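Residue numbers (UniProt numbering): 1 to 757. Following: one structure in C-alpha cells, then a few remarks.
Below, the structure written as C-alpha cells:
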C-alpha cells in the first residue's frame with residue numbers, strides 16, 4: 001500500500017502580493033512534477049472555490065483544484081447549526097482558551113443586545129414589524145424607517161445566501177450535481193427570529209424576552225461546549241485543514257452533518273422569506289412614507305405584495321450566484337440594528353451601508369409623516385435640557401454668557417388676516433435679534449375672554465401659530481394665553497414665562513401706529529401698562545416702528561445704522577446693532593453712535609470716553625456728540641424754530657388740552673377725582689410741556705442727522721409717574737414723527753456686554 005499523502009506548504013510572508021493556493025502533494029503521483037516546482041501563485045480576486053471532490057482524493061486519486069483551508073461556510077455571529085462548524089477553524093487558530101474568551105465575548109454582546117431587545121419589547125404593547133417597531137418607537141420614525149428598510153434588504157438577500165449555502169453543502173455531498181461556483185456566508189440575525197414575526201405572537205411582551213433569552217443562553221452554551229469538543233478532537237493543523245473533520249467523527253454517519261447544515265440553512269432562508277415581508281408591511285402600515293403604500297397589509301392578513309417583492313429580490317440574488325460583492329453590505333445592514341462597530345469588518349461597505357441609511361433618514365425627515373409615538377431622542381433631549389437648566393441655576397447671568405431670549409408679542413393691536421397669527425416682518429425681526437438666526441424665541445398671543453370658554457380656541461390658535469413659526473423658519477415656540485384683557489394677560493406672562501435663567505429677557509412688540517384712529521384710550525393704557533410691567537420685571541423692551549418696511553433677508557441695505565444713546569442701557573443698543581450687522585441685509589452698513597448731551601457738557605471729553613469704551617468692546621463705530629438746550633435753558637419753549645416744525649408741537653399741545661378738559665368735565669360731572677384706566681392721575685401741565693419739548697428736540701435732531709439712515713435706534717423714555725397714558729402716546733408720536741424705520745430700546749438694569757473676554 002502506498003503511504004498516505006503528505007502535505008507541504010510554503011509560509012505566507014507579509015510582503016506576498018498574491019494569494020497562495022496551498023495544494024497537498026502525493027509523492028509518486030502525476031502531480032509531483034507540478035508540485036515540486038513550488039507553490040502556485042494565483043492573482044488576487046481569482047476564484048478559490050474548493051471542489052468537493054478534493055476531499056475524496058485519497059480514495060479516487062484526483063488532483064486538487066482548491067484549498068482545504070478556504071471554507072465556504074464562514075459564519076459570523078450566532079444564527080444556526082452551521083455556526084458550530086465555523087468554530088472548528090477558530091479553535092484551530094486560537095486554541096481552546098482564546099476561543100473560549102472569544103465565544104464568551106460574542107455571547108456577552110449578544111446577551112446584552114437581547115436584554116435591550118427584551119426591555120423595549122416589555123415596555124408596552126408591540127405590534128408587527130419586529131426590530132423596526134422596536135427601534136422606531138424607541139428612537140423615532142426617521143431612525144426606525146431608515147434602519148428598518150436596511151434590515152429588510154438584509155433579510156431579503158440573506159434568504160438567497162441561505163439557499164446558496166444549502167446548495168453548496170449539497171454539492172459537497174453530491175459532487176456530480178455541481179451547478180454553481182464564489183460564496184462567503186455571513187449571518188448575524190438569529191436572535192431576531194422571534195421579534196421578526198411579532199405580529200404572529202399571542203403575547204409579545206412574554207414570548208419575545210423568554211424565547212430570545214433562552215435561545216441566546218442555550219446556543220452560547222452549545223458554542224462553549226463545542227470549543228472543548230473541537231479542542232479535544234484534533235490538532236490545530238487538523239482543525240484548520242481538514243474540512244470534513246466534523247463529518248468524519250459524526251455519529252452514526254457523515255450524512256448527519258450534511259443534513260443538519262442543509263436543514264438549518266433552508267430553515268433560516270424560510271425565516272428570512274417570512275420575516276422580511278412582515279417587516280416591510282409594518283413600515284408601510286405606519287404610513288410614514290407614501291411610496292410604500294403598495295406593501296400595506298391589513299391586520300391579521302398575510303402581506304402578499306410584500307412577499308412577492310421579497311421573493312423577487314431573493315430570486316434575483318440567487319440567479320446572480322455570486323454574492324461576494326454585496327454580502328459585506330448586507331452584513332452591515334444587519335449590524336445597523338445591533339450598533340456594532342462595523343469598520344473592523346469592511347470600512348468600504350460600512351460607508352455604503354451608512355450612506356444608504358443616512359439617505360433614507362434624510363428622505364423620511366423631509367417627506368415622511370410624523371409618527372404618533374414618542375421616541376428616545378426626545379426623552380434624551382428632555383433629560384439633557386433639565387440637566388443643563390439645573391447646572392445654570394437661577395443666579396444672575398454674566399454678560400459674557402448673556403443671550404437674547406426675545407418674547408415676541410404677536411397681536412397686541414392692529415388687525416391681521418385670520419390665517420396670519422403674527423405679522424410676517426415681526427418674525428423676520430425676531431431672527432435679526434439672534435446671531436445667525438440661532439436661539440430661542442417665544443411667540444405669544446393673548447385671547448381676550450374666559451379661560452373655560454376659550455380653552456379650545458387657544459389650543460387651535462397655538463397650533464396655528466406653531467405652524468406659522470415653522471413656515472417662517474424661526475427657531476421658537478408658541479404660547480397662547482387666555483385672559484380678561486391684554487394687560488392682565490401680559491402681566492401673567494411677564495411673571496411666569498420661562499424657567500430659571502431660560503426666561504425671556506427682551507419683550508418685542510410693534511409700535512401702535514393705529515392708536516389714534518382705532519382707540520384713543522384702551523391702546524395707550526395697554527401700551528403704558530406693558531412698558532411699566534417690563535420695567536418692574538426687569539425685562540428689556542424693543543418697540544419696532546415701520547415694521548411694514550422692514551427688509552427681508554434678500555433686500556440688501558446700504559447706509560448707516562444710527563444709535564441715539566441717551567441713557568445707560570447696559571449696552572443692549574450696541575448689542576442689537578452688532579446683531580443686525582451679522583445679517584446679510586445689513587452687513588454692508590456702518591454704525592454711527594450719537595451721544596445726546598446738554599450744551600454745557602464737555603463734548604470732546606465725552607466723545608473720547610465713548611470711543612475708548614467702544615474700542616474696548618471691539619466695536620467699530622463713528623462717534624458723534626450732539627448738544628441740545630435743556631427745556632429750562634431754552635428761552636423759546638413754544639416749539640423752537642420753524643425748521644423744527646412747531647406745527648407738530650402745537651397740534652400735540654392742543655390735543656392734550658382737549659383730552660384733559662374732557663376728563664375733567666367727566667370727573668366733575670360724576671363728582672370723582674381725575675381717573676384714567678381705573679387709576680387716579682394728576683396732571684402737571686408744566687411737566688407735560690417739558691416732555692413734549694424734549695421729544696420735539698430729539699425728533700428734530702434725528703431728522704437732521706439720520707434722515708437717510710437704514711434704521712435708527714433710540715432710547716425708550718419710561719412712562720412718567722402719574723401721567724396720563726394718552727399724554728405718553730403723544731410724547732412717543734412726537735418722537736417717531738417722520739422717521740420711517742426706528743427701534744425704541746429700553747435696556748436692563750444690568751450689563752449685556754463686557755469689556756473682558
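In this text, a Cβ means the ideal position worked out from N, Cα and C, and glycines have one as well. Nothing here was measured: the structure is a model prediction, and the numbers come from that model.
Nonlocal neighbours in the same chain, by C-beta distance under 7 angstroms from residue i, ignoring five residues either side
{"i": "residue 644", "result": "Legend: pLDDT at residue 644 = 49, less than 50; position of this residue unreliable, no value from coordinates given."}
{"i": "residue 729", "result": "515, 524 and 527"}
{"i": "residue 277", "result": "303, 306, 307 and 310"}
{"i": "residue 727", "result": "656 and 688"}
{"i": "residue 100", "result": "224 and 227"}
{"i": "residue 389", "result": "499, 500 and 502"}
{"i": "residue 664", "result": "674"}
Contacts around residue i, its chain only, beta-carbon distance under 8 angstroms, and the 5 residues preceding and following it disregarded
{"i": "residue 614", "result": "574, 593, 620, 621 and 623"}
{"i": "residue 612", "result": "none"}
{"i": "residue 749", "result": "538 and 570"}
{"i": "residue 534", "result": "494, 507, 540, 541 and 746"}
{"i": "residue 253", "result": "none"}
CB contact flag (residue i, residue j, <8 angstroms)
{"i": "residue 144", "j": "residue 377", "result": "no"}
{"i": "residue 732", "j": "residue 559", "result": "no"}
{"i": "residue 789", "j": "residue 266", "result": "Since the displayed the chain opens at 1 and closes at 757, residue 789 lies outside it and no answer follows."}
{"i": "residue 280", "j": "residue 314", "result": "no"}
{"i": "residue 629", "j": "residue 599", "result": "yes"}
{"i": "residue 761", "j": "residue 465", "result": "For residue 761 there is no data in the structure shown, the boundaries of the chain being 1 and 757."}
{"i": "residue 741", "j": "residue 716", "result": "no"}
{"i": "residue 381", "j": "residue 439", "result": "no"}
{"i": "residue 570", "j": "residue 751", "result": "yes"}
{"i": "residue 507", "j": "residue 407", "result": "yes"}
{"i": "residue 482", "j": "residue 455", "result": "yes"}
{"i": "residue 246", "j": "residue 88", "result": "yes"}
{"i": "residue 738", "j": "residue 713", "result": "no"}
{"i": "residue 591", "j": "residue 563", "result": "yes"}
{"i": "residue 692", "j": "residue 662", "result": "no"}
{"i": "residue 555", "j": "residue 589", "result": "no"}
{"i": "residue 162", "j": "residue 269", "result": "yes"}
{"i": "residue 364", "j": "residue 142", "result": "yes"}
{"i": "residue 149", "j": "residue 195", "result": "no"}
{"i": "residue 122", "j": "residue 209", "result": "yes"}
Those residues which DSSP pairs with residue i across a bridge
{"i": "residue 690", "result": "DSSP lists no partner for residue 690."}
{"i": "residue 715", "result": "745"}
{"i": "residue 565", "result": "595"}
{"i": "residue 624", "result": "594"}
{"i": "residue 680", "result": "675"}
{"i": "residue 408", "result": "443 and 508"}
{"i": "residue 560", "result": "590"}
Own chain residues within Cβ distance below 6 angstroms of residue i, not counting five before or after
{"i": "residue 660", "result": "683"}
{"i": "residue 480", "result": "445, 458, 461 and 462"}
{"i": "residue 757", "result": "In this prediction, residue 757 scores a pLDDT of 45, lower than 50, which makes its location untrustworthy; no coordinate-derived value is stated."}
{"i": "residue 521", "result": "none"}
{"i": "residue 671", "result": "none"}
{"i": "residue 583", "result": "432"}
{"i": "residue 159", "result": "269, 272, 273 and 314"}
{"i": "residue 607", "result": "623 and 625"}
{"i": "residue 215", "result": "none"}
Contact test: residue i Cβ vs the ligand FMN heavy atom, cutoff 7 angstroms
{"i": "residue 303", "result": "The ligand content of the structure shown is nil, which means the ligand FMN is not present either."}
Which whole runs of the alpha helix (DSSP H) in the stretch 219-268 are 4 residues long or more, in chain order? 236-241 and 245-249
I'd like to know if the stretch 503-513 and the stretch 471-487 are in contact, where contact means that at least 3 CB-CB pairs between them fall below 8 angstroms. no
Segment contact flag, the stretch 387-406 with the stretch 543-552, C-beta cutoff 8 angstroms, min 3 pairs: no
Just list the beta strand (DSSP E) runs in the UniProt domain "SLC12A transporter C-terminal" (424-545), keeping only unbroken ones of 3 residues or longer that don't cross its boundaries, in chain order. 441-448, 476-483, 506-510 and 540-545
Does the stretch 702-720 touch the stretch 669-676, meaning 3 or more C-beta pairs lie closer than 8 angstroms? no
Is the stretch 292-299 close to the stretch 257-266, with three or more CB pairs under 8 angstroms? no
Between the stretch 233-242 and the stretch 91-100, do three or more beta carbon pairs fall short of 8 angstroms? yes
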